[in-house]
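Protein chains in written order, with numbering that gives the first Met the number 0: chain U, 0 to 183; chain W, 0 to 620; chain F, 0 to 287. Worksheet: the structure to be examined is printed underneath.
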Amino acid sequence: MSTSTYTAHDSHAINSMGLWLFIVSETALFSAFIFARYYLTGTDQPSELNIGLGYAITAVLLSSSLLAYGAERRIAKGDRRGFLWLTLGTIVLGALFLVGVGLEWREAAHAFAPPDLFGVVFFSLTGLHATHMVTGLIALCFVWLVGWRGGFGATDHWGVTGVVRYWHFVDAVWLTVFPTLYLV
Amino acid sequence: MQLAPTAFLRDWAFGPLAFGMLVGLVMFFAAAGLIMGVRAWAGTEPVAFGPVVLGAYWFGLAGWLLGIGVWSKWAKEWLGLPVDRTMKTGWQRYFDFTTDHKVIGVQYLVTFLSMFLLAGVLAMLMRIEHMSGDQVLFSPAQYNYVMSLHGITMVFVAVAAVIGGFGNYAVPILIGAKDMAYPRLNALSFWLAAAVPVLLAATFFAGGFDAGWTAYAPLSTENSDGQVLFNLAFITLGLSSIAGSINFIVTVIKLRAHGMGFDRLPIFVWAVFAMSLLGFFFTQYIAAAMLMTLLDRVFGMAFFDFTEGGDPLLYQHIFWFYSHPAVYIMGVPGLALALEVISHFSRKPLFAYRWVVGGILGITALSAIVWAHHMFTAGLSTAELFFFITTTEVISIPTGLIFLGALGTIWRGRLWLRTPMLFALAVVFNFLIGGLTGIFLADVFTDIHLQDTFFVVAHFHYTIVGAGIFGLFAGIYYWFPKITGRTYSEHLAQLHFWWTFLSFNLTFLPMFWLGLNGMNRRIAVYPEELEFLNLLVSLGGFSLGASFLVFLYNILKSWIRGPVAEADPWRARTLEWQTSSPPPVENFTEAPRVVSGPYDYGSPSTAHAVFGASTNPDGAG
Amino acid sequence: MAEICHKTSSILTTSSGTTTVIDLTGSEPQAHERKTLLNGRNVVTVFVIWLGLTVLGVFGAYHADIYPIAGNHLASQVDDAFRLLMMLAVPVFTFVVTILVYSMVRFRRKTDADDTPPHTFHSHGGVIWGWLVVTSGLTIAVLIHPGFTGLRELTADRHQDMVVEALAAQWSWNFTFPEHGVKLDKANDLMLPQGTRIRFDVTSRDVVHSLWLPMYRMKIDAVPGRTNHIYLTTGEPISFSEDPNVRVQCAELCGTGHPRMQVRVSIVDQQEFDIWLGGLEPVIVGNE
Ligand code: HEM
Ligand SMILES: [Cu+2]
Ligand SMILES: [Cu+2]
Chain U
0 MSTSTYTAHD
10 SHAINSMGLW
20 LFIVSETALF
30 SAFIFARYYL
40 TGTDQPSELN
50 IGLGYAITAV
60 LLSSSLLAYG
70 AERRIAKGDR
80 RGFLWLTLGT
90 IVLGALFLVG
100 VGLEWREAAH
110 AFAPPDLFGV
120 VFFSLTGLHA
130 THMVTGLIAL
140 CFVWLVGWRG
150 GFGATDHWGV
160 TGVVRYWHFV
170 DAVWLTVFPT
180 LYLV
Chain W
0 MQLAPTAFLR
10 DWAFGPLAFG
20 MLVGLVMFFA
30 AAGLIMGVRA
40 WAGTEPVAFG
50 PVVLGAYWFG
60 LAGWLLGIGV
70 WSKWAKEWLG
80 LPVDRTMKTG
90 WQRYFDFTTD
100 HKVIGVQYLV
110 TFLSMFLLAG
120 VLAMLMRIEH
130 MSGDQVLFSP
140 AQYNYVMSLH
150 GITMVFVAVA
160 AVIGGFGNYA
170 VPILIGAKDM
180 AYPRLNALSF
190 WLAAAVPVLL
200 AATFFAGGFD
210 AGWTAYAPLS
220 TENSDGQVLF
230 NLAFITLGLS
240 SIAGSINFIV
250 TVIKLRAHGM
260 GFDRLPIFVW
270 AVFAMSLLGF
280 FFTQYIAAAM
290 LMTLLDRVFG
300 MAFFDFTEGG
310 DPLLYQHIFW
320 FYSHPAVYIM
330 GVPGLALALE
340 VISHFSRKPL
350 FAYRWVVGGI
360 LGITALSAIV
370 WAHHMFTAGL
380 STAELFFFIT
390 TTEVISIPTG
400 LIFLGALGTI
410 WRGRLWLRTP
420 MLFALAVVFN
430 FLIGGLTGIF
440 LADVFTDIHL
450 QDTFFVVAHF
460 HYTIVGAGIF
470 GLFAGIYYWF
480 PKITGRTYSE
490 HLAQLHFWWT
500 FLSFNLTFLP
510 MFWLGLNGMN
520 RRIAVYPEEL
530 EFLNLLVSLG
540 GFSLGASFLV
550 FLYNILKSWI
560 RGPVAEADPW
570 RARTLEWQTS
580 SPPPVENFTE
590 APRVVSGPYD
600 YGSPSTAHAV
610 FGASTNPDGA
620 G
Chain F
0 MAEICHKTSS
10 ILTTSSGTTT
20 VIDLTGSEPQ
30 AHERKTLLNG
40 RNVVTVFVIW
50 LGLTVLGVFG
60 AYHADIYPIA
70 GNHLASQVDD
80 AFRLLMMLAV
90 PVFTFVVTIL
100 VYSMVRFRRK
110 TDADDTPPHT
120 FHSHGGVIWG
130 WLVVTSGLTI
140 AVLIHPGFTG
150 LRELTADRHQ
160 DMVVEALAAQ
170 WSWNFTFPEH
180 GVKLDKANDL
190 MLPQGTRIRF
200 DVTSRDVVHS
210 LWLPMYRMKI
220 DAVPGRTNHI
230 YLTTGEPISF
240 SEDPNVRVQC
250 AELCGTGHPR
260 MQVRVSIVDQ
270 QEFDIWLGGL
280 EPVIVGNE
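Okay, structure coming up:
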């Protein structure tokens with residue numbers, strides 16, 4: 000492939016910058032919903048909120064990020080087997096998180112279903128986050144599949160780096176959403 | 000030959016389009032069927048416009064994009080499969096998932112100019128209605144639909160035509176790059192945007208929408224189904240803008256040719272860069288506003304539903320938090336394009352270049368903190384009013400620097416009054432009126448009366464049409480020889496200019512008076528006393544509409560049969576003129592190296608760039 | 000070389016077409032560029048034209064009678080503010096337009112060969128700073144008056160003689176006079192007593208509307224779920240039949256009935272107002 004510039008450039012740096020910009024942009028989307036939470040409901044919280052479950056899924060998600068970090072390190076060292084296992088672990092923990100959200104939603108749908116205002120912000124924020132999780136999971140599956148077919152290597156794994164960075168970002172978003180809904 | 004159907008779809012000129020539509024429709028209806036099935040299974044009425052369309056749309060959109068080329072030219076790569084690297088040539092490129100930024104620029108231009116003309120027809124219809132103070136042509140519901148459709152279509156045109164069209168066409172050449180940073184994402188942005196007119200047209204079959212381009216809740220959570228399509232269209236264009244903005248930012252930061260420092264960036268590139276900084280971030284807020292409206296409408300949420308404790312003002316805050324920056328996205332690229340033309344056609348350096356750049360960046364920064372000046376009558380607290388008066392008025396200072404740049408440049412130049420220059424100078428004139436009347440609106444004391452009247456209508460037409468669209472036309476005439484390799488008729492072009500310029504002012508100047516004298520906006524019925532002036536405005540409007548026929552005739556005829564253009568008919572310095580007309584794929588035959596500023600006229604000893612024999616190894620990356 | 004030119008030298012092309020590059024260092028380029036930019040004859044001509052146009056324009060802006068009927072003192076003050084802003088906008092407008100048109104005439108390219116201006120300059124510190132000072136000065140002036148002073152005018156006096164509750168609905172205005180215990184639903188006509196300070200409590204039952212009284216230059220949105228207030232003092236008796244701006248007009252798009260969502264207003268003396276009130280429907284408490 001020819002490069003798209005007349006000066007020597009680093010395609011990794013270009014891709015990386017684009018991803019960072021995308022992440023900053025997504026932050027704006029979440030910030031609008033987080034703003035709506037405080038604007039509409041202040042710091043109110045219904046007593047039915049299952050904070051224990053909230054902590055549990057947070058822990059699951061954090062561990063998945065750790066595994067994702069490991070997966071990237073492995074492939075950078077050329078360790079394909081380790082990379083595949085750790086990616087798989089990330090996917091499993093991510094899916095587990097979504098199951099946890101599902102459980103949370105079952106309770107929430109009884110206790111404060113929209114149009115209850117807390118329900119409105121709760122479901123939209125967790126739903127928006129879950130949508131990003133699903134996107135991330137699909138991307139991780141792609142990464143796993145490509146890796147499994149022998150696709151990435153120690154020097155050539157932007158796909159992994161990018162998806163893992165996105166995964167960390169979705170994780171970081173949860174670390175804002177969680178206190179916004181459960182703790183303040 | 001063994002894969003005859005796919006080969007046919009790939010090679011036939013309209014194959015990708017047809018295949019995209021087919022896959023899109025199939026996925027749309029499959030998803031719609033699935034959703035209805037699930038609804039029936041869950042015991043709810045299966046056929047419901049909101050949930051079915053809202054859900055199925057994304058599948059239809061994905062199918063359309065995958066079908067038109069994302070799959071065969073891009074996504075297969077993610078699975079390690081071989082991708083189709085063929086590129087069509089000639090006119091067929093414009094109907095394909097082509098990654099050449101010049102093709103994409105023309106795609107944007109033609110698409111959004113067509114939308115501009117169609118929405119212009121709607122404006123003519125509205126002006127027929129306004130020839131009398133009473134209802135004459137439309138029912139009230141029809142009027143509201145026509146008005147809303149005109150508004151949102153024109154807003155989309157203003158957001159996408161200059162940046163999407165000339166941003167794509169010119170920015171990579173102006174900075175000496177072969178293409179954008181992400182050529183395939185660029186093609187994706189365009190084909191995403193192409194779904195927007197389809198959605199807008201489809202509103203006709205879904206009962207229309209009547210909440211204006213601002214779509215204030217809760218009106219927009221209760222009106223007819225067409226509103227759902229409106230919201231989806233806004234989100235879709237938003238996605239396209241975000242992708243495009245990120246592309247521009249990275250392109251300008253990373254792909255500048257050797258020697259092209261930020262202090263040598265053509266001013267148009269600066270403007271696209273700065274507006275992309277707004278676009279990639281703030282566009283998410285319009286997505287949020289549209290999404291919340293849809294959630295309220297379709298999923299029974301209550302962001303804006305006061306009966307449940309929601310607040311309609313939340314919508315307005317989020318909406319304007321995007322839409323104020325957006326009005327700059329609509330205006331500033333055209334303004335900068337005018338400055339670009341003014342320097343080349345005055346044969347003089349852009350005056351106070353660094354200050355003009357500072358002005359653009361100042362506007363960019365300030366535009367994030369002025370949004371509530373659209374809500375002065377919404378019931379803000381005194382402290383809020385105080386804050387937003389201050390920030391809004393202060394915007395005049397960086398705006399003034401742009402005028403300084405224009406005036407300093409023409410002063411004692413050698414003004415070459417060809418059509419691009421005439422349009423560019425008209426931008427300065429129109430934007431002056433637009434900007435000065437902004438002060439009346441920025442001041443709460445006077446704005447309380449003027450808000451939501453024709454005064455505001457006049458103001459934003461002077462800024463957006465006067466700067467954005469006049470800038471677009473300056474750009475079209477300026478770059479026409481470059482894009483098409485042909486020359487247009489200067490006589491017809493000047494006829495078009497004067498006709499448009501005079502009609503434009505005849506149409507919009509009286510509107511200030513109308514607004515001040517009690518004509519509120521978005522109405523078909525108004526006090527009889529204002530009929531005469533409205534008639535005048537209508538006549539101006541018809542004349543404005545007719546003037547575009549001259550434009551169309553000239554452009555179409557010249558594109559097909561115009562005399563062949565030179566590489567640099569304007570003898571301008573910037574890089575796009577240092578390559579053939581039209582430029583080759585990847586723009587230059589030899590790598591450019593920039594050695595001086597883009598506007599250093601008066602120093603024939605230096606060129607802006609030299610070609611070839613560069614010290615850097617090309618293609619090493 | 001190019002960079003040097005850019006910063007420290009001026010390049011002169013004499014009108015005969017030969018190019019002289021004068022490499023000046025130190026403070027001289029500024030001195031030279033000032034001469035180029037502020038060349039005597041052109042500047043004087045432009046100044047004279049500008050001054051003439053400005054005098055005419057300011058005079059016109061001062062006397063222009065473009066305002067609708069002003070129903071009270073505050074409305075006249077708003078018009079004064081509008082007039083002041085026009086008078087300040089005129090010099091800016093004439094300045095830009097004079098330079099535009101003058102340049103188009105005087106500095107136009109006459110022949111094809113005449114392609115290079117005799118003088119080029121990139122920048123001029125004095126002009127830029129002067130421009131900044133003037134535009135900032137104007138901005139701050141306008142910000143203070145009529146900006147802040149107008150804001151104070153609007154918010155200072157928070158007392159009223161009478162309260163009117165305005166409830167907007169698709170597509171009618173409904174007024175209640177709580178102190179008198181009467182109301183007027185789906186109003187076509189509204190009477191208000193002259194010379195009375197009235198507080199309007201404005202809200203909506205469905206979508207956003209806006210209560211606009213053009214003759215008082217007063218407007219406030221009717222936002223469902225909130226009550227917004229405006230204060231205004233009615234002036235002399237007048238009625239809609241005399242001027243269409245004596246009306247309540249919905250000013251926020253609210254659906255099909257939006258343009259016709261208006262109420263004819265009459266300002267009357269207290270006696271007539273009381274008679275009118277007596278004819279209204281009483282508010283039955285607990286029947287809202
Ligand atoms: C010095 C510059 C400007 C100032 C001080 C200014 C001020 C304002 C204010 C205060 C309003 C709100 C008016 C109201 O609704 O009562 C307004 C409306 C508007 N302005 Fe500007 N403006 C400026 C420049 C621009 C530019 C550059 C654009 C676009 C290119 C623009 C586009 C608009 C639009 C579209 C609206 C109306 C939005 C709507 O209600 O539909 N303005 N302007
Ligand atoms: Cu604004
Ligand atoms: Cu209304």
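Backbone N, C-alpha and C fix where the C-beta goes; we use that ideal spot for every residue, glycine too. All values reported here derive from a predicted model rather than from experimental measurement.
Buried versus exposed call for residue i [16 or more other C-beta atoms within 10 Å across all chains shown]
{"i": "W:L379", "result": "buried"}
{"i": "U:W173", "result": "buried"}
{"i": "W:G19", "result": "buried"}
{"i": "F:G25", "result": "Bear in mind that a pLDDT of 34 at F:G25, under 50, signals an unreliable position, so the model cannot answer this."}
{"i": "U:L85", "result": "buried"}
{"i": "W:L294", "result": "buried"}
{"i": "F:Y61", "result": "exposed"}
{"i": "F:D268", "result": "exposed"}
{"i": "W:S138", "result": "exposed"}
{"i": "U:M0", "result": "Note that U:M0 has pLDDT 34, beneath the 50 cutoff, so the model's placement of it is unreliable and the number below is only indicative. With fewer than 16 other Cβ atoms within 10 Å, it is exposed."}
{"i": "U:I74", "result": "buried"}
{"i": "W:Y215", "result": "buried"}
{"i": "F:N301", "result": "In the structure as shown, chain F starts at 0 and stops at 287, and residue 301 of chain F therefore has no counterpart that could be examined."}
{"i": "F:L55", "result": "exposed"}
Beta-carbon neighbours of residue i, restricted to chain W and to distances below 9 Å
{"i": "F:T154", "result": "T381, L384"}
{"i": "U:V145", "result": "W77, L78, G79"}
Closest by C-alpha distance to residue i, when choosing among the options
{"i": "W:L187", "options": "W:S223, W:T98, W:W354", "result": "W:T98"}
{"i": "W:G166", "options": "W:P217, W:I103, W:P568", "result": "W:I103"}
Under 9 Å from the C-beta of residue i: neighbouring residues of chain F
{"i": "W:T389", "result": "L142, G146, F147"}
{"i": "W:W354", "result": "S122, I127, W130, L131"}
Cross-chain neighbours of residue i in chain U, by beta carbon under 7 Å
{"i": "W:E528", "result": "Near W:E528 there are no residues of chain U at all, since even the closest Cβ is about 43 Å away, more than 7 Å."}
{"i": "W:I248", "result": "L20"}
Contact set for residue i: own chain, Cβ-Cβ below 8 Å, skip 5 residues either direction
{"i": "U:T125", "result": "V100, E103, W104, V176, L180"}
Beta-carbon contacts of residue i that lie in its chain and below 6 Å, excluding the five residues immediately before and after
{"i": "F:T232", "result": "N71, R196"}
{"i": "W:P562", "result": "T486"}
{"i": "W:E585", "result": "K177"}
{"i": "W:A287", "result": "I317"}
Short Cβ contact (8 Å threshold) for residue i with residue j
{"i": "W:I401", "j": "W:L365", "result": "no"}
{"i": "W:S502", "j": "W:L543", "result": "yes"}
{"i": "U:V145", "j": "U:G158", "result": "yes"}
{"i": "W:V536", "j": "W:T499", "result": "no"}
{"i": "W:M510", "j": "W:F547", "result": "no"}
{"i": "W:Y477", "j": "W:V593", "result": "no"}
Chain F residues whose Cβ lies nearer than 8 Å to that of residue i
{"i": "W:I522", "result": "H257, P258"}
{"i": "W:V584", "result": "Per Cβ cutoff of 8 Å: no residues; W:V584 is ~30 Å from chain F at best."}
Contacts of residue i in chain U (Cβ-Cβ under 9 Å)
{"i": "W:W63", "result": "In chain order: nothing, as chain U lies at least about 19 Å away."}
Cβ neighbours of residue i in the same chain (closer than 7 Å, five flanking residues each side left out)
{"i": "W:V369", "result": "H323, F387, T390, T391, I394"}
Contact set between residue i and chain W, taken where Cβ atoms lie within less than 8 Å
{"i": "U:G150", "result": "G79"}
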